[in-house]
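Engineer: In my numbering, the protein residues as written are 92 to 409. One structure, pasted below without further comment.
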């Protein structure tokens, strides 16, 4: 039966001075929860891999893959080639599929040896790089690609005077063009929250969610990634504009009719406004609700079409 050990030097074999293993102490109940439940949307850690002397231990996932974290199993640059060789022999023998190495900056010396042993780069962040190798010779490589889509939001804010909130960016692709306020969604940020945040950052207008309006999907955009642009209709709670001097050249409340006819408004942006006006005429909106996944116990948002209720409580058009 596998147990996760407290932070310590694990002297498990004659090579113990070469590998320092670290992991978090947890109760049997917590361990079982991780084994039986999902640790993330895509992976479920099942156990700390049992390993012979002089090899990396790693963490086994539900796909019979193994992940070694250089911060959890430290190893000197001199001893790394020998330990890697023994580890690969063991993993091939036990029919491990994907092998992952999460190499932090303080272990960057590992990288050339990993590459020389058939590992490829998968993704990188500020403080680490993730490399992988697919071991089976009789299976098609089944490693998922890294995140490949950027997500941005645009905010369609129309006030009681039938004016739309518009901005002209300081570094616009077309100088002097008008567009909706918006920007990229930050990590772990909901679409709605991102739209509300961007409007306030760029114009100082506070808003609340009303409806999703449209989604634009494009490919080969920033860093060669695909791009999702989600337009939200937001209701203004304030009216006095204070532009962001770092990003925005001009911003104003513009009459909707003027916006729809303006020569420096892209046709796609006109269509967002037309779509919203059509929703409003039809009494339709795309609402958002927060749910809890029954198994993963993670919160997520569901977007759905709904009809606006009339004064007598009936749905419009019923």
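Just so you know, even glycine gets a beta-carbon here, dropped at the ideal spot from N, CA and C. Because the structure is a prediction, the values reported are computed rather than measured.
Whole alpha helix (DSSP H) runs in the stretch 288-357 with 4 or more residues, listed along the chain?
Structural biologist: List check, alpha helix (DSSP H) in window: 347-352.
Engineer: So what's residue 213 in DSSP terms, helix, strand or just coil?
Structural biologist: In the structure shown, residue 213 sits in a strand (DSSP, three-state: E or B).
Engineer: Answer with buried or exposed for residue 359, where buried requires no fewer than 16 other C-beta atoms within 10 angstroms of its C-beta.
Structural biologist: Exposed: under 16 other Cβ atoms inside 10 Å.
Engineer: Give a yes or no on whether the C-beta atoms belonging to residue 342 and residue 293 are separated by under 8 Å.
Structural biologist: For residue 342 and residue 293, yes; Cβs fall inside 8 Å.
Engineer: Taking its Cβ as the centre, do 16 or more other Cβ atoms sit within 10 Å of residue 337, making it buried, or is it exposed?
Structural biologist: So residue 337 counts as exposed.
Engineer: With residue 221 and residue 201 assumed to form a contact (beta carbons below 8 Å), what rounded beta-carbon distance in angstroms separates them?
Structural biologist: Contact flag wrong, Cβ pair sits at about 12 Å.
Engineer: Starting from residue 151, follow the beta strand (DSSP E) in both directions and report where the run begins and ends.
Structural biologist: Run containing residue 151: 150-152, per the beta strand (DSSP E) assignment.
Engineer: Give a single yes or no on whether residue 254 has its beta carbon closer than 7 Å to a heavy atom of the ligand PLP.
Structural biologist: What this structure holds is no ligand at all, so the ligand PLP is not there to describe.
Engineer: Whose C-beta lies closer than 7 Å to the C-beta of residue 367 among residues of the same chain, with five residues either side of it excluded?
Structural biologist: Answer for residue 367: 247, 304 and 324, listed in chain order.
Engineer: Count the other CB atoms, across all protein chains shown, that sit within 10 Å of the CB of residue 175; report buried if there are 16 or more and exposed otherwise.
Structural biologist: With 16 or more other Cβ atoms within 10 Å, it is buried.
Engineer: Just to confirm before moving on: does the CB-CB distance between residue 321 and residue 282 stay below 8 Å?
Structural biologist: Cβ distance < 8 Å, so residue 321 and residue 282 count as in contact.
Engineer: So, with DSSP's three-state summary, where would you put residue 118?
Structural biologist: Legend: pLDDT at residue 118 = 41, less than 50; position of this residue unreliable, value from coordinates given subsequently. It is coil, neither helix nor strand.
Engineer: Which residue marks the beginning of the alpha helix (DSSP H) containing residue 378, and which one marks its end?
Structural biologist: First-last for residue 378: 375-383, but that is the beta strand (DSSP E), not the alpha helix (DSSP H).
Engineer: Using the beta-carbon count (16 or more within 10 Å), is residue 286 buried or exposed?
Structural biologist: Residue 286 should be labelled buried.
Engineer: For residue 249, name the three-state secondary structure that DSSP assigns.
Structural biologist: The answer is strand: DSSP assigns residue 249 an E or B state.
Engineer: Per the DSSP calculation, residue 398 is bridged to which residue(s)?
Structural biologist: Residue 398 pairs with 375.
Engineer: Need the endpoints of the beta strand (DSSP E) that residue 171 sits in, please.
Structural biologist: Residue 171 -> not in any beta strand (DSSP E); alpha helix (DSSP H) instead, spanning 171-184.
Engineer: Label residue 118 either buried or exposed according to how many other C-beta atoms from any shown protein chain fall within 10 Å of its C-beta, with 16 as the threshold for buried.
Structural biologist: For residue 118, the pLDDT reaches just 41, beneath the cut-off of 50, and the residue's location in the model is therefore unreliable, although a value from the coordinates is still provided. Flag for residue 118 reads exposed.
Engineer: For residue 229 and residue 194, I'd like the C-alpha separation in whole angstroms.
Structural biologist: Spanning the two alpha carbons is a distance of roughly 28 Å.
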